[in-house]
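Asks: Take the sequence shown: its position 151, counting from 1, is numbered 150 in numbering that gives the first Met the number 0, and each next residue is one higher. Even for Gly, the Cβ is constructed at its ideal location relative to N, Cα and C. All values derive from a computational prediction rather than experimental measurement. Got a structure here, written out as C-alpha cells. Questions coming.
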Amino acid sequence: MSRRYSRFLVCQSASMLGDQITESALPTIAILMLNASAVEAGALNAAVSLGYPLAGLFAGALTDRFSRRRLIVCADVIRLLSVISIPMAAAFDLLGLGQMYIAGFVIGTAAVFFEIAVQAYVPAAAGTRSLHTAYSGLEASRSVSQVAGPALSGFLIKMFGAPFALVANAAMSAVSVLGLPRAPETHMRVQSRPRITHEIRAGLLMVKNDAVLLPLALKSTTSNFGFAIILAVLPVFVYRGLQLDPMWLGIILTSGSLGACLGALFARKVTRALGLARTMTLGSVMLGVPWLFVPLSLTGEKILIMCLIAAISAFFLPVWNINAAVIRQSVVDDTSMGRVVATMKTLTWTAHPLGALFGAALAQGLSNAVGVGLGPALALVAGGLIRSLATLLVPRREEMRARKLLV
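Put into C-alpha cells, the structure is as follows:
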C-alpha cells in the first residue's frame, strides 16, 4: 500500500467516523435538548438530506473544473465550522432549532461536495494501485466507521452530552483537512471550459446516453428506493411489531454494519471466483432477498432472525458498490468523472425521501389492515422485493463485454 493512498484512507476514515457521530448527535440534540416534535425532527432530517437534490449536479461540475483535493479540504472546513457552531451556541445557552436547521443544511450540502470530490479523487490518490483494491479499501473504511461510529457516538453523548460530542467530529474533520495527501490531477489540464450549466447538461447526457452508466444509475436508484422503505419501516417494526427496545434495534443495525465489513473484505475474492457479471447480479439480488424472510421473526427467535437478515443483506452492499465504482471509473474519462458521479448520486439520493414517505404510508396502511406486527413486516418484504427486482436493470452482459469490462 503506497504512503499517499494510506494517508488518503486514514483521512477519509476519520471524516466518515466523524459523520457517524454527527448523524447520531443531531437528532438527539433536537429531541432531548430542544424538545423537537416528530415533525420538527423530520424537518431536521430533511434539511440534512437536501444537499443532493439541490446541489449535487452543480458540485459535480465544480469537481471537474477545479482541484478535487481543494474541494475536499474546503468542504471539510465548512463542515467543521458548521459542526463546531452547535456546541459553542449550546455553551452560551443560545442553541435553537433555527440554528440546527441551518447547520444541518450546511453540513449536508458540504457533504455532497466532499463525497463527489472524494469518489473522483480516488484514482489520483491510488496511483498505480488497481481501482478494485482502492475502492475496496474505501468501502472497508466506510463499513468500519458504520460499526464503530454508533458505539463511539453513544459513549461520547453519554459522557459529554450530545452538543459537545460534536467536538470529536470537528477534530476528525481537522485530521482530514491537515492530512489529505497531494496527487497529480490530470482533469485540470483541459484549457477551455464551457459555461457551468452546459457542463451540468453534458453530465446528464453522458449518463443518459451510455448503455452501461444509465442501467447502473437506474438500478441503484430503484434499489435505494427499496432501501429507504426498509430504513423508514424497520424502527416501527422493531418497536411495535417485535416489542423490542432501542438497544435491540442498535444491535440489529450493528449486525448489518458487521456484514458490510465482511463484504468489503471479501468483495475482490467473490468477484474473482464468480466473474464481474455474475457478481453484479448476485450482489444485486441478495440485497433484497433476506428481507423477504422478515415475517419469520414474528414466529420466534426474532432477534437472531433480524440480525441475520441485516448482516446477509449488508454483506452484498459493498460487493455491489465496489464493482459499480470500478465499472464507472473504467468507462468514464477523468475529465468528466465529477459530473458523472454527481448525476448518478443525485438520482440515487433523490429516491431516499420518496422511498421513506412511500414506506411509511405503506406500513401504516398495512398495519390498519392486518395488524401492527404483520403490517410493517410486509412493508419490509416490499422493500426487499423492490431491491431484488432492481436486478432487472443491471447492465447487460453483452454491453459490458463490448466495453471490455468482462474478461
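To the nearest angstrom, how far is the alpha carbon of Asn223 from that of Met15?
Replies: Indexing the sequence shown from 1 puts residue 223 at position 224. Indexing the sequence shown from 1 puts residue 15 at position 16. When rounded, the distance between both Cα atoms is 20 Å.
Asks: CB-CB under 6 Å to Thr220, same chain, minus the five flanking residues each way: which ones, in chain order?
Replies: The residue labelled residue 220 in the question sits at position 221 within the sequence shown. Cβ neighbours of Thr220 beyond the five flanking positions: Leu346, Thr347, Ala350.
Asks: Can you give the Cα-Cα distance for Leu137 and Leu264, rounded to whole angstroms?
Replies: On the sequence shown, position 138 is the one that residue 137 refers to. On the sequence shown, position 265 is the one that residue 264 refers to. One C-alpha to the other measures close to 11 Å.
Asks: Under the assumption that Val206 contacts Met343 (Cβ atoms under 8 Å), give the Cβ distance between them as a whole number of angstroms.
Replies: For the purposes of this step, residue 206 is identified with residue 207 of the sequence shown, where counting begins at 1. For the purposes of this step, residue 343 is identified with residue 344 of the sequence shown, where counting begins at 1. Val206 to Met343, Cβ: 6 Å. Contact.
Asks: Whole angstroms is fine: what's the gap from Ala381's alpha carbon to Gly354's?
Replies: For this step, residue 381 is matched to residue 382 along the sequence shown. For this step, residue 354 is matched to residue 355 along the sequence shown. Ala381 and Gly354: Cα-Cα distance of roughly 11 Å.
Asks: Can Met279 and Asn320 be called in contact, C-beta distance under 8 Å?
Replies: On the sequence shown, position 280 is the one that residue 279 refers to. On the sequence shown, position 321 is the one that residue 320 refers to. Cβ atoms of Met279 and Asn320: not closer than 8 Å.
Asks: Roughly how far, in whole angstroms, is the beta-carbon of Cys260 from the beta-carbon of Ala139, given that I think they are within contact range, below 8 Å?
Replies: Within the sequence shown, residue 260 is the residue found at index 261, counting from 1. Within the sequence shown, residue 139 is the residue found at index 140, counting from 1. Contact holds; Cβ gap of about 7 Å.
Asks: Hey, Ala341 and Gly59 are a contact pair by Cβ (cut 8 Å); roughly how many whole angstroms apart?
Replies: Residue numbering aside, residue 341 sits at position 342 when the sequence shown is read from its first letter. Residue numbering aside, residue 59 sits at position 60 when the sequence shown is read from its first letter. Confirmed, about 2 Å.
Asks: Please list the terminal residues of the continuous alpha helix (DSSP H) segment that includes Gly358.
Replies: For the purposes of this step, residue 358 is taken as the residue at position 359 of the sequence shown. Unbroken alpha helix (DSSP H) run through Gly358: 336-369.
Asks: Should Ser329 be labelled buried (16 or more other beta-carbon atoms within 10 Å of its own) or exposed?
Replies: For the purposes of this step, residue 329 is identified with residue 330 of the sequence shown, where counting begins at 1. With fewer than 16 Cβ atoms within 10 Å of its Cβ, Ser329 is classed as exposed.
Asks: For Gly194, name the three-state secondary structure that DSSP assigns.
Replies: Taking the sequence shown and counting its residues from 1, the one referred to as residue 194 is at position 195. According to the sequence shown, residue 194 is Arg rather than Gly. Coil.
Asks: Along the chain, which unbroken stretches of the beta strand (DSSP E) at least 3 residues long are found entirely within the segment 196-281?
Replies: DSSP runs (the beta strand (DSSP E)) wholly in the segment 196-281: none.
Asks: Assign Thr108 to one of three DSSP states: helix, strand, or coil.
Replies: As a first step, residue 108 must be located in the sequence shown, where it is residue number 109. Helix at Thr108.
Asks: Which residues in the same chain as Ile250 place their Cβ atom closer than 8 Å to its Cβ, once the five residues preceding and following it in sequence are excluded?
Replies: Numbered from its first residue, the sequence shown carries residue 250 at position 251. Result list for Ile250: Ile302, Cys306, in chain order.
Asks: For the candidate residues Val72, Ala88, Pro352, Ala376, whose alpha-carbon lies nearest to that of Leu233?
Replies: Counting from one through the sequence shown, the residue named residue 233 turns up at place 234. Closest option to Leu233, Cα to Cα, is Ala376.
Asks: Under the assumption that Trp290 contacts Gly153 (Cβ atoms under 8 Å), give the Cβ distance between them as a whole number of angstroms.
Replies: As a working mapping, residue 290 is identified with position 291 in the sequence shown. As a working mapping, residue 153 is identified with position 154 in the sequence shown. Going by Cβ atoms, the distance from Trp290 to Gly153 rounds to 26 Å, so no, they are not a contact pair.
Asks: Can you check whether the CB of Val72 is closer than 8 Å to the CB of Gly178?
Replies: Here residue 178 refers to the residue found at position 179 when the sequence shown is read from its first residue. Here residue 72 refers to the residue found at position 73 when the sequence shown is read from its first residue. The answer is no: Cβ separation not under 8 Å.
Asks: In the segment 38-107, which residue ranges form an unbroken alpha helix (DSSP H) of at least 4 residues, counting only runs that do not cross its ends?
Replies: For the segment 38-107, whole alpha helix (DSSP H) runs of length 4 or above, ordered along the chain, are 50-64, 67-90.
Asks: Using 8 Å as the threshold, is the C-beta distance between Ser135 and Arg267 below it?
Replies: Numbered from its first residue, the sequence shown carries residue 135 at position 136. Numbered from its first residue, the sequence shown carries residue 267 at position 268. In contact: Ser135 and Arg267 (Cβ atoms closer than 8 Å).
Asks: Here's the rule: buried if 16 or more other CB atoms are within 10 angstroms of the residue's CB, otherwise exposed. What is Ala270?
Replies: Here residue 270 refers to the residue found at position 271 when the sequence shown is read from its first residue. Note on residue identity: the sequence assigns Thr, not Ala, to residue 270. Buried, since its Cβ has 16 or more Cβ neighbours within 10 Å.
Asks: Roughly how many angstroms lie between the CA atoms of Ala309 and Ala359, to the nearest whole one?
Replies: On the sequence shown, residue 309 is found 310 positions in, with the first residue counted as 1. On the sequence shown, residue 359 is found 360 positions in, with the first residue counted as 1. Rounded to whole angstroms, Ala309 to Ala359 spans 19 Å at the Cα level.
Asks: Confirm, please, whether the CB-CB distance from Phe113 to Ser74 is below 8 Å.
Replies: Your numbering for residue 74 matches position 75 in the sequence shown. Your numbering for residue 113 matches position 114 in the sequence shown. Inspection of the sequence shows that residue 74 is occupied by Ala rather than by Ser. In this structure, Phe113 lies closer than 8 Å to Ala74 by Cβ.
Asks: Is Asn34 helix, strand or coil by DSSP?
Replies: Stepping through the sequence shown from its first residue, residue 34 is reached at position 35. Reduced to three states, the DSSP call for Asn34 is coil.
Asks: Where does Arg181 sit, in a helix, a strand or coil, going by DSSP?
Replies: Translated into the one-based positions of the sequence shown, residue 181 becomes position 182. Three-state result, Arg181: coil.
Asks: In three-state DSSP terms, what is Asp332?
Replies: Here residue 332 is taken as the residue at index 333 of the sequence shown, counted from 1. The answer is coil: DSSP assigns Asp332 none of H, G, I, E or B.
Asks: Distance, Cα to Cα, Gln11 vs Tyr4?
Replies: Residue numbering aside, residue 11 sits at position 12 when the sequence shown is read from its first letter. Residue numbering aside, residue 4 sits at position 5 when the sequence shown is read from its first letter. Going by the C-alpha atoms only, they are around 10 Å apart.
Asks: The alpha helix (DSSP H) that contains Glu300, what's its start and end?
Replies: The residue given as residue 300 occupies position 301 in the sequence shown. Careful: Glu300 lies outside any alpha helix (DSSP H) and carries neither H nor E.
Asks: Would Met120 pass as a contact of Ala46 if the rule is Cβ separation under 8 Å?
Replies: Position 121 of the sequence shown holds residue 120. Position 47 of the sequence shown holds residue 46. First, the residue type needs correcting, since residue 120 is Tyr and not Met in the sequence shown. Cβ distance not < 8 Å, so Tyr120 and Ala46 don't count as in contact.
Asks: Using CA coordinates, which residue listed in Gly287, His197, Val82, Arg2 is at the minimum distance from Ser23?
Replies: Your numbering for residue 23 matches position 24 in the sequence shown. Of the listed residues, the one whose Cα sits closest to Ser23 is Val82.
Asks: Please state whether the Cβ-Cβ distance between Ile304 and Gly258 is less than 8 Å.
Replies: Working through the sequence shown from its first residue, we reach residue 304 at position 305. Working through the sequence shown from its first residue, we reach residue 258 at position 259. In this structure, Gly258 does not lie closer than 8 Å to Ile304 by Cβ.
Asks: Once DSSP output is grouped into helix, strand and coil, what is the label at Pro394?
Replies: Locating residue 394 in the sequence shown gives position 395, counting from the first residue. Correct three-state label for Pro394: coil.
Asks: Assuming Pro294 and Leu373 make a contact with CB atoms under 8 Å, what is their CB distance in whole Å?
Replies: Reading the sequence shown from its first residue, position 295 is the one you call residue 294. Reading the sequence shown from its first residue, position 374 is the one you call residue 373. That pair is a contact at about 7 Å.
Asks: Considering Cα atoms alone, identify which of Ser142, Leu80, Ala324, Leu70 is closest to Pro122.
Replies: Within the sequence shown, the letter at position 123 stands for residue 122. Of Ser142, Leu80, Ala324, Leu70, the residue nearest in Cα terms is Ala324.
Asks: Candidates Thr62, Asp63, Ala88, Gly103: which alpha carbon is nearest Arg78's?
Replies: Within the sequence shown, residue 78 is the residue found at index 79, counting from 1. Cα-wise, what sits closest to Arg78 is Gly103.
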